[in-house]
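Trainee: Chains as they are written, first to last, in our numbering: chain R, 3 to 395; chain Y, 3 to 395. Would you mind keeping the following structure in view while I ask a few things?
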């Protein structure tokens with residue numbers, strides 16, 4: 003083998019400062035993925051990579067009976083109001099697999115998406131050889147997805163290219179502003195035209211109630227490490243029967259294997275923690291209303307600071323929040339630590355998760371924080387504002 | 003959301019009987035993935051899905067400096083004698099990504115593989131829209147890959163289709179017989195024809211010394227959960243500079259993102275444990291000779307049992323071993339538990355990992371077992387054989 007430079011011993015003792023008890027993590031991608039107590043307890047016994055595979059008989063994780071993986075996937079499908087669930091590497095892979103399968107079967111070339119879609123949606127489409135047509139959002143300051151525009155946009159694709167889009171994707175709650183979009187009008191426009199409707203529920207399923215059937219969704223994708231208290235990486239691919247055969251196309255040479263999933267996803271701790279957290283998740287989505295209330299409370303507190311304004315739809319319907327913070331940006335421009343001052347001031351107060359260096363706009367997520375923790379967060383921002391001479395009403 | 007049937011609380015308390023102290027696990031896919039002590043120690047602090055992303059500045063895990071991910075990937079590349087390393091979901095995804103990138107750049111249509119390739123190699127090729135041409139192995143009982151046949155096989159593809167293969171793949175140690183194939187003659191045949199050479203090192207890199215440069219490899223793929231003592235899932239994609247640009251093609255819309263990787267692999271505990279185990283791995287590959295000696299010792303002991311014969315090349319050069327066991331198969335045909343009797347007899351002796359139900363041929367892996375554990379394994383098989391009237395020499 004090749005030669006490795008010295009000092010590699012340090013990799014054996016990496017540590018994570020944000021895991022210290024009492025630290026509040028506001029990272030917008032992390033709140034819904036923090037492990038449940040039950041999940042954390044099984045980490046050691048299921049830590050080995052193939053820990054779920056001890057009693058695998060058929061080389062397919064979805065068929066494993068011990069631990070009860072196959073039962074679990076059925077329960078997960080019921081919970082999501084869908085017919086069939088498979089696990090994928092990540093949410094984006096679930097989108098990619100869906101697009102590859104649909105394209106193979108239907109041969110169309112356009113994916114219609116909302117203008118707030120995650121970057122990985124564009125990558126999945128490009129990797130699948132599709133062109134993306136985007137419905138722009140309404141722009142500053144609300145950046146709403148124009149749900150009523152989907153029908154017309156599909157017809158326009160058909161007029162211009164002689165065929166409808168291969169599929170339509172809506173980002174249920176988006177990663178930029180945390181706007182929650184109602185899937186029903188989009189589903190209805192898709193249903194009327196026979197176009198499959200994909201809902202990217204990475205930020206919704208697992209933290210709030212989502213019923214794919216009621217919402218008229220054909221393909222629902224989500225992210226275990228983002229919203230299901232799983233170690234991940236693991237994507238959830240939930241399908242209606244009508245599209246399952248297309249998406250879960252079998253390999254020609256190994257007909258028991260699903261082609262675009264590249265066979266079994268080989269999950270150990272990712273699946274073990276997804277399962278262990280499931281009872282917690284089923285219970286916690288019932289409290290979504292309270293979570294939204296807490297988010298709104300924090301918006302109110304933050305907007306007491308000079309210049310701070312919540313972007314995205316008002317009032318908040320999701321716990322991921324984007325603020326413009328021109329006051330902090332002004333401080334950064336004169337501070338010797340530049341944009342890092344805000345991150346560091348927060349960290350000194352036991353708060354992490356605001357992207358280091360950013361001050362013009364900041365994003366955070368209040369999901370699962372207690373009222374006491376939220377008060378600490380509000381106080382910290384207000385204190386920092388005051389310290390640098392911003393007005394706090 | 004949908005309705006979930008009762009009894010889901012049981013998912014919160016799944017347990018893993020094979021993780022009990024003292025249990026010997028012979029599972030051929032599991033031996034190289036068992037966590038190091040250091041990896042097991044950091045499970046709790048890095049258990050959350052985005053645990054490596056606390057200080058991510060650019061949305062790319064390979065660029066993270068804290069923990070030192072970017073340094074680690076450089077050291078990993080050096081260790082493998084390669085130029086650049088990226089992490090993928092699994093080893094098979096690393097193959098798929100390579101094929102997609104090469105195909106996009108070179109536009110050819112055939113992947114040439116050895117007849118002992120893992121099923122996922124075929125799936126990756128089919129999903130990438132390639133045809134697989136296979137060099138058959140030598141058949142029973144050795145099933146060797148005919149390394150000298152690669153050059154001729156490439157020329158035959160060229161004669162018949164007017165173009166050389168897009169790439170050539172060799173399975174370094176195969177999953178069926180544990181035959182170790184010397185990549186050098188294949189590399190040389192590829193080099194002369196300008197065809198990229200992919201080495202599937204899922205069962206070799208991480209347990210034995212592998213130097214991609216010395217072996218003439220263009221793309222080396224491996225599996226963290228199979229051979230690097232990582233929780234996984236995580237694939238290692240190690241590239242020579244000459245092919246890196248083709249494989250790591252950027253997205254047209256998000257030029258900082260690598261298209262076929264679908265952006266960042268989003269790894270938490272999989273990467274944390276891969277890093278924590280790295281010093282152990284660097285050290286342990288030096289002891290590969292002793293591991294092979296132990297495998298040979300077990301072969302000798304097993305072949306004392308009536309009818310047992312090691313399949314694959316002799317003597318063993320790898321710790322994954324396939325035996326034909328017609329004696330056990332004969333017992334199974336009359337036993338009330340049928341093929342499960344062997345699994346159960348072993349389990350009663352604290353030994354797991356032989357696929358439940360199989361008795362005609364069995365596979366196991368001795369990697370990392372102590373001499374004492376191996377003696378326990380040999381004794382168990384011999385005892386079971388004796389109990390059911392097979393002769394033990």
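Heads up, the beta-carbon is just placed ideally off N, CA and C, and yes, glycines get one too. Since this is a predicted model, take the numbers as computed values, not measurements.
Please give me, in chain order, every unbroken run of the beta strand (DSSP E) with length at least 3 that falls completely inside the region 273–350 of chain R.
Mentor: Entirely contained in the region 273–350 of chain R, the beta strand (DSSP E) runs reaching 3 residues are, in chain order, 311–313 and 322–326.
Trainee: Since residue 281 of chain Y and residue 10 of chain R are thought to touch, with beta carbons under 8 Å apart, how far apart are those beta carbons, to the nearest angstrom?
Mentor: Right, their Cβ atoms sit about 5 Å apart.
Trainee: Straight-line CA distance for residue 112 of chain Y to residue 72 of chain Y?
Mentor: Approximately 34 Å between the Cα atoms of the pair.
Trainee: What residues from chain Y crowd round residue 227 of chain R, counting only those whose CB sits closer than 9 Å?
Mentor: Neighbours of residue 227 of chain R on chain Y, chain order: 50, 51, 52, 268 and 270.
Trainee: Just the chain Y side, please: which residues come within less than 8 Å of residue 261 of chain R by C-beta, in chain order?
Mentor: In chain order: 125, 128 and 129.
Trainee: Comparing the C-beta of residue 134 of chain Y with each C-beta of chain R, is any distance below 9 Å?
Mentor: Closer than 9 Å: yes.
Trainee: Counting beta carbon pairs with one atom in the region 367–376 of chain R and one in the region 45–65 of chain R, are three or more of them shorter than 8 Å?
Mentor: Touching, no.
Trainee: Can you list, in chain order, the residues of its chain whose CB lies under 6 Å from that of residue 161 of chain R, leaving out five sequence neighbours each side?
Mentor: Here the set comprises nothing.
Trainee: Can you check the region 51–105 of chain R for any alpha helix (DSSP H) of at least 4 residues that lies completely inside it and give the ranges in chain order?
Mentor: Entirely contained in the region 51–105 of chain R, the alpha helix (DSSP H) runs reaching 4 residues are, in chain order, 71–81.
Trainee: Rounded to the nearest angstrom, what separates residue 360 of chain R and residue 19 of chain R at their Cα positions?
Mentor: Rounded to whole angstroms, residue 360 of chain R to residue 19 of chain R spans 20 Å at the Cα level.
Trainee: I believe residue 170 of chain Y touches residue 152 of chain Y by the beta-carbon criterion, under 8 Å. Please report the beta-carbon distance rounded to the nearest angstrom.
Mentor: About 6 Å separates the two Cβ atoms, so the contact holds.
Trainee: Please report the distance separating the alpha-carbon of residue 301 of chain R from that of residue 312 of chain R.
Mentor: When rounded, the distance between both Cα atoms is 7 Å.
Trainee: For the alpha helix (DSSP H) that contains residue 215 of chain Y, what are its first and last residues?
Mentor: 214–217 is the span of the alpha helix (DSSP H), which, as asked, contains residue 215 of chain Y.
Trainee: Whose C-alpha, out of Y:176, Y:83 and Y:101, is nearest the C-alpha of residue 200 of chain Y?
Mentor: With distances taken between Cα atoms, residue 200 of chain Y lies closest to Y:101.
Trainee: Which residues in the same chain have their Cβ closer than 6 Å to the Cβ of residue 107 of chain R, if we skip the five residues on either side of it in sequence?
Mentor: The answer, listed in chain order, is 248.
Trainee: Which residues in the same chain as residue 35 of chain R place their Cβ atom closer than 6 Å to its Cβ, once the five residues preceding and following it in sequence are excluded?
Mentor: Hits under 6 Å: 227 and 228.
Trainee: Between which two residues does the beta strand (DSSP E) carrying residue 221 of chain R extend?
Mentor: Unbroken beta strand (DSSP E) run through residue 221 of chain R: 221–225.
Trainee: Can you list, in chain order, the residues of its chain with a C-beta nearer than 7 Å to that of residue 267 of chain Y? Leave out the 5 residues immediately preceding and following it.
Mentor: The residues are 63, 89, 90 and 91.
Trainee: Identify each residue in the region 77–100 of chain R for which the Cβ-Cβ distance to at least one residue of chain Y is less than 7 Å, and report them in chain order.
Mentor: Result list: 77, 80, 81, 82, 83, 91, 92, 94, 95 and 98.
Trainee: Cα-Cα, which of R:130, R:147, R:239 and R:74 is closest to residue 87 of chain R?
Mentor: Ranking R:130, R:147, R:239 and R:74 by Cα distance to residue 87 of chain R puts R:239 first.
Trainee: With respect to the beta strand (DSSP E) encompassing residue 145 of chain Y, which residues constitute its N-terminal and C-terminal limits?
Mentor: It is not in any beta strand (DSSP E) - residue 145 of chain Y carries neither H nor E in the DSSP assignment.
Trainee: Could you please give me the residues that DSSP links to residue 199 of chain R through a beta bridge?
Mentor: Residue 199 of chain R pairs with R:170.
Trainee: Is residue 98 of chain R closer than 9 Å to residue 129 of chain R when the C-beta atoms are compared?
Mentor: Result yes, Cβ atoms of residue 129 of chain R and residue 98 of chain R sit closer than 9 Å.
Trainee: Which two residues bound the contiguous beta strand (DSSP E) that contains residue 133 of chain Y?
Mentor: Residue 133 of chain Y -> beta strand (DSSP E) spans 133–137.
Trainee: If you compare alpha carbons, which of Y:216, Y:258, Y:232 and Y:12 is closest to residue 204 of chain Y?
Mentor: Among Y:216, Y:258, Y:232 and Y:12, the Cα nearest to that of residue 204 of chain Y belongs to Y:232.
Trainee: Please list, in chain order, the chain A residues whose beta carbon lies closer than 8 Å to that of residue 254 of chain Y.
Mentor: In summary, chain A is missing from the structure at hand, where the protein chains are R and Y.
Trainee: Measuring only between beta-carbons, confirm whether residue 121 of chain Y sits less than 9 Å from chain R.
Mentor: Yes, residue 121 of chain Y lies at the interface with chain R (some Cβ there is under 9 Å from its Cβ).
Trainee: Is the Cβ of residue 69 of chain R closer than 9 Å to any Cβ of chain Y?
Mentor: It does: the Cβ of residue 69 of chain R has a partner Cβ on chain Y nearer than 9 Å.
Trainee: Are residue 2 of chain Y and residue 116 of chain Y closer than 9 Å when you measure CB to CB?
Mentor: Lying before the first or after the last residue shown, residue 2 of chain Y is absent from chain Y, which here runs from 3 to 395.
Trainee: Hey, is the region 340–354 of chain Y in contact with the region 259–276 of chain Y, meaning 3+ C-beta pairs nearer than 8 Å?
Mentor: Output reads no: the region 259–276 of chain Y does not touch the region 340–354 of chain Y.
Trainee: Tell me, which residues are paired with residue 26 of chain Y by DSSP?
Mentor: DSSP, once it has assigned bridges, lists Y:353 as partnering residue 26 of chain Y.
Trainee: If we ignore side chains and look at the alpha-carbon of each, how far apart do residue 148 of chain Y and residue 255 of chain Y end up?
Mentor: For residue 148 of chain Y and residue 255 of chain Y, the distance between alpha carbons rounds to 44 Å.
Trainee: Going along chain R in order, which residues have a C-beta closer than 7 Å to the C-beta of residue 14 of chain Y?
Mentor: 40, 278 and 281, listed in chain order.
Trainee: Please report the straight-line C-alpha distance between residue 292 of chain R and residue 178 of chain Y, rounded to a whole angstrom.
Mentor: If I take the Cα positions, the gap works out to 54 Å.
Trainee: Flag this pair as yes or no: are the beta carbons of residue 208 of chain Y and residue 323 of chain Y separated by less than 9 Å?
Mentor: For residue 208 of chain Y and residue 323 of chain Y, no; Cβs fall outside 9 Å.
Trainee: Kindly list the residues whose CB is nearer than 8 Å to the CB of residue 237 of chain R, restricted to its own chain and excluding five residues on each side of it in sequence; keep chain order.
Mentor: Excluding positions up to five away in sequence, the list reads 89, 90, 91, 92, 93, 94, 95, 96, 223, 224, 225 and 226.
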